[in-house]
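Read through the structure below, which is laid out as structure tokens, and then see the notes.
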Amino acid sequence: MSRSGDDATVEGPFAGSRTDRTATVAADDGAPLAVEEIEPLDGHRAAVTVVGVHGFALSRRSWYLQRRDLAGTLLPGARHVYYDHRGHGQSASADAQRSTIEQLAVDLHAVLRTAAPDTPVVLWGHSMGGMVIMELAQSYPDLFAERIQGVALIATAAGEIGAHGLPRSLLSKYNPLMRGVGELAEWQPGLVEFVRAAGGQLTRAAVRRLAFGARDVDSHLVDFMLDMLGEAPVRQLSHFVDTLGSHNRYAALAGLKHTDVVVIGGDADRLTPFAHAERIAAELPRARLVRVEGAGHMVHMEEAAVVNRHLADLVRRCGGDGAGKTRRNTWWRS
């Protein structure tokens, strides 16, 4: 694992979203994956390692409010690892052949082997990151039987995206908008999933509407989203459209049935509506379902205090004797 620095700066309350604590993990095919590691605040050996798996068109920076608030006094005994998917953030680029949820699960496996080799693990997955965790459970079931103690699935879906969220026609690689994304990239380099869903240009209003809920949102959050999305290379993102549109991993949820799972969604999410969270919880009767009223797709940024409370509880349960695995489905309204 090699290390490097990042001197870029961001103004405002998200100034710490870029750090100099970056490492590089080699994926199985040698592709470098950018990883950020935060050791336990109490100086002791970590009781558990948290790994954040981010969503499509985003980066590990999307976990900034979790890193800031949880990798400290709330979870002093936990080690935190946040990384960028290939084709995203500071990780290697991705060609069409390797821009799949299956490949991203293989990459996550490499991150776990390298950055979390000897502790129990809790995975947090947002949007596409949750889909990657589902694929990991399907492809590497032994990990969930032996090492992965807990999973948080945030604003994600196990399938049927066209039925409850983005229309399948917009995700299809045969859609004219998708076919022309390479040409559009020449004059609109900020084109991302949220804009494809709206069928328009990248504007502050479009990002505000599709990333967040109906309530007032701090303008700094919108600025931060625009900054992250502006870093996303459109040609890279276009490769992932097909894997998102064909995602169907309800069967993979069986691999999580003995894991402490919390399913979190905002009931104003326009990309993966709360019905997806309800369906996942129905498939996992021991899971805890958290409904965050008024929150949108970026629920972990928009309502960070609410989400962080449930994430911290999950990690605490998994850092002990694993008693959380015996709890039955609990319904929360936040």
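Numbering (the numbering used here), first residue to last: 57 to 390. Beta carbons: idealized from backbone N, C-alpha and C, even for Gly. Computed from a prediction, not measured in an experiment: that's the story for all the values here.
Inset, instruction - Would you mind sorting D84 into buried or exposed? The rule is 16 or more other CB atoms within 10 Å of its CB. - result: Exposed, because fewer than 16 other Cβ atoms sit within 10 Å of the Cβ of D84.
Legend entry - Exposed unless 16 or more other CB atoms sit within 10 angstroms - verdict on T212: Label assigned to T212: buried.
Inset, instruction - Taking 8 Å as the cut-off, decide whether the C-beta atoms of V109 and A172 are in contact. - result: Going by C-beta atoms, V109 is not nearer than 8 Å to A172.
Legend entry - Simplified DSSP assignment, three categories, for E334: Helix at E334.
Legend entry - Host beta strand (DSSP E) of P88 (start-end): For P88, the uninterrupted beta strand (DSSP E) segment begins and ends at P88 to I94.
Legend entry - Continuous alpha helix (DSSP H) assignments of at least 4 residues falling wholly in the segment 78–135: 120–125, all fully within the segment 78–135.
Legend entry - Coarse secondary structure for R342, derived from DSSP in three states: DSSP places R342 in coil when its eight states are reduced to three.
Legend entry - Sequence-distant residues of the same chain with beta carbon closer than 8 Å to T105, five excluded per side: So the qualifying residues of the chain are A134, R135, H136, V137, A171, A172, T175, P176, V177 and V178.
Legend entry - Collapsed DSSP secondary structure at Q146 in the structure displayed: Under the three-state reduction of DSSP output, Q146 falls in the coil class, being neither helix nor strand.
Legend entry - Beta-carbon spacing of G143, R116 below 8 Å: No, these two residues do not count as a Cβ contact at 8 Å.
Legend entry - Contact under 8 Å by Cβ, S155 with H332: 8 Å or more divides the Cβ of S155 from the Cβ of H332.
Legend entry - Inter-residue spacing [alpha-carbon to alpha-carbon] between I336 and L309: Computed Cα separation, rounded: 8 Å.
Inset, instruction - Report all residues from its chain with a CB closer than 8 Å to the CB of T391; omit the five preceding and five following residues, and keep chain order. - result: Because the chain here runs from 57 to 390, residue 391 falls outside it and cannot be looked at.
Inset, instruction - Rank L114, T78 and A270 by C-alpha distance to the C-alpha of P289 and give the top, closest one. - result: Nearest option by C-alpha distance: L114.
Inset, instruction - Less than 8 Å between the CB atoms is what I'm expecting for A351 and A324, so what's the real figure, rounded? - result: A351 to A324, Cβ: 6 Å. Contact.
Inset, instruction - Compute the Euclidean distance between the alpha carbons of G215 and A148, then round it to the nearest angstrom. - result: If I take the Cα positions, the gap works out to 27 Å.
Legend entry - Proximity to V91 [Cα-Cα], best of G311, L168 and R344: Closest in C-alpha terms to V91, from the list G311, L168 and R344, comes L168.
Inset, instruction - Under the assumption that A343 contacts V317 (Cβ atoms under 8 Å), give the Cβ distance between them as a whole number of angstroms. - result: With a beta-carbon spacing of about 4 Å, A343 and V317 fall inside the 8 Å limit used to define contacts.
Legend entry - Member of L340, R305 and L131 whose CA lies at the smallest distance from the CA of R101: Of the listed residues, the one whose Cα sits closest to R101 is L131.
Legend entry - CB contact flag (E334, V348, <8 Å): Contact: no.
Legend entry - Where H165 falls: helix, strand or coil (DSSP): Helix at H165.
Legend entry - D316 in three-state terms, based on DSSP: Reduced to three states, the DSSP call for D316 is strand.
Legend entry - Anticipated Cβ contact below 8 Å, F112 with S183, distance rounded: Approximately 6 Å separates the beta-carbon atoms of F112 and S183; this is inside 8 Å, confirming the contact.
Legend entry - Boundaries (first-last residue) of the beta strand (DSSP E) holding A208: A208 -> beta strand (DSSP E) spans I204 to I210.
Inset, instruction - Give the DSSP-derived three-state secondary structure of V290 in the structure shown. - result: Looking at V290 - three-state DSSP - the assignment turns out to be helix.
Inset, instruction - Round the Cβ separation of I210 and V355 to the nearest angstrom and send it over; I've been treating them as touching at under 8 Å. - result: Confirmed, Cβ separation roughly 6 Å.
Inset, instruction - Would you please state the rounded distance, in angstroms, between the beta carbons of L327 and H303? I believe it to be under 8 Å. - result: The Cβ separation is near 13 Å, so there is no contact.
Inset, instruction - State the DSSP-derived secondary structure class of R264, mapped to helix, strand or coil. - result: Three-state DSSP puts R264 in a helix.
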